[in-house]
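A short worksheet on the structure shown next.
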Amino acid sequence: MTDHWIVRLACAAAMMLASSLAGAAEGGATLQAGNDLGDRASLQRGAQLYMNYCSGCHALKYLRYSRMGQDLGLSEEEVMTNLNFTGVPIGEPVPVTLPKAQAEKWFGKMPPDLSLISRVRGSDWIYTYLKSFYLDPSRPLGWNNRLFPNASMPNPLWEMQGLQHAVHGKPESPGADAPVTGLTIEQPGNVSAAEYDQNVRDITNFLEYAGEPAALKRQKLGVWVILFLALLTFLAYLLKKEYWKDVH
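Spelled out as structure tokens, the structure:
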């Protein structure tokens, strides 16, 4: 009897989960980033894009320039010339260049540090967020975000993406705001849609790396661990055969 109830509860939970996922998809679920930490070229491009478009407002206080250069295969000169725009020593973490007073004046508060954003939100969320900005005259800075409504920041990548507008559906009740049902590019940016998607994916990849730099080394060590376990299994098999060969 107990087993039947467990099965029923499991089925009900599965149905509820499927229903919630379907509802999320209808309401604009997150897109699949499809990034790859093993793609060093993507990480290098993502680091460059982040430093050029994001580091002015967002710090990476848990990632040092020296560690980034080491992990991404960049020399000290390349890091200091192409990625370090603040002038701090290479052994220091990535700071923010935006003064606190100006941040509070423009955004109402200091933009958050993004060192752990991928571990808090997930890579798919970051990828979708960077593709979900649209023009909204009602907002103080003229921008809104479908994934994160009423976000305080403008679209830092608008020149690449172009000017995106919201497609509104029918209000649920009289006087209510019309829901955003889609997004459309009305003025193309200076790169193609495919190139923009790749740029966003590169930034997402870099932020996932920044959230846990040790993940790169763990992946490299993982191959050797698997080989060691395979060798150990083979030796254990030989030992077992030797031990039991005289037992009938």
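With positions in the sequence shown counted from 1, the corresponding number in this note's numbering is that position plus 146. Even glycine gets a Cβ: it sits at the ideal position worked out from N, Cα and C.
Where does residue i fall in DSSP's three states?
| i | result |
| --- | --- |
| Glu-332 | strand |
| Asn-301 | coil |
| Ala-324 | coil |
| Gln-178 | coil |
| Val-369 | helix |
| Asn-291 | strand |
| Leu-377 | helix |
| Asp-348 | helix |
| Phe-91 | Coverage of the chain is limited to positions 147 through 394, which leaves residue 91 absent and any answer about it impossible. |
| Val-234 | coil |
| Arg-265 | helix |
Going by the beta-carbon positions, is the gap between residue i and residue j smaller than 8 Å?
| i | j | result |
| --- | --- | --- |
| Asn-345 | Asp-185 | no |
| Ala-179 | Arg-292 | no |
| Thr-330 | Gln-310 | yes |
| Gln-194 | Asn-228 | yes |
| Lys-207 | Ser-261 | yes |
Measure the C-alpha to C-alpha separation of residue i and residue j and round it to an integer number of angstroms.
| i | j | result |
| --- | --- | --- |
| Pro-241 | Tyr-355 | 17 Å |
| Arg-213 | Gly-237 | 8 Å |
| Pro-325 | Leu-377 | 59 Å |
| Pro-245 | Trp-252 | 11 Å |
| Met-197 | Leu-209 | 13 Å |
| Pro-239 | Asp-217 | 14 Å |
| Ser-319 | Pro-295 | 19 Å |
| Asp-270 | Leu-177 | 6 Å |
| Gly-315 | Gly-321 | 14 Å |
| Trp-390 | Phe-380 | 16 Å |
| Tyr-211 | Gly-335 | 31 Å |
| Arg-285 | Asp-323 | 14 Å |
| Gln-307 | Gln-190 | 20 Å |
| Val-337 | Leu-353 | 22 Å |
| Leu-375 | Ser-298 | 50 Å |
| Asp-395 | Ser-221 | The requested residue 395 does not occur in the structure, where the chain is confined to residues 147 to 394. |
| Leu-373 | Ala-360 | 20 Å |
| Trp-370 | Ile-349 | 29 Å |
| Glu-388 | Gly-357 | 48 Å |
Looking at the strands, I want to know which residues DSSP matches up with residue i.
| i | result |
| --- | --- |
| His-311 | Thr-330 |
| Val-240 | Leu-206 |
| Tyr-280 | Asn-290 |
With three or more C-beta pairs closer than 8 Å as the rule, is the region 273-283 touching the region 303-320? These segments touch.
Inter-stretch contact (C-beta, 8 Å, three-pair minimum) for the region 288-305 and the region 197-204: They touch, by the three-pair rule.
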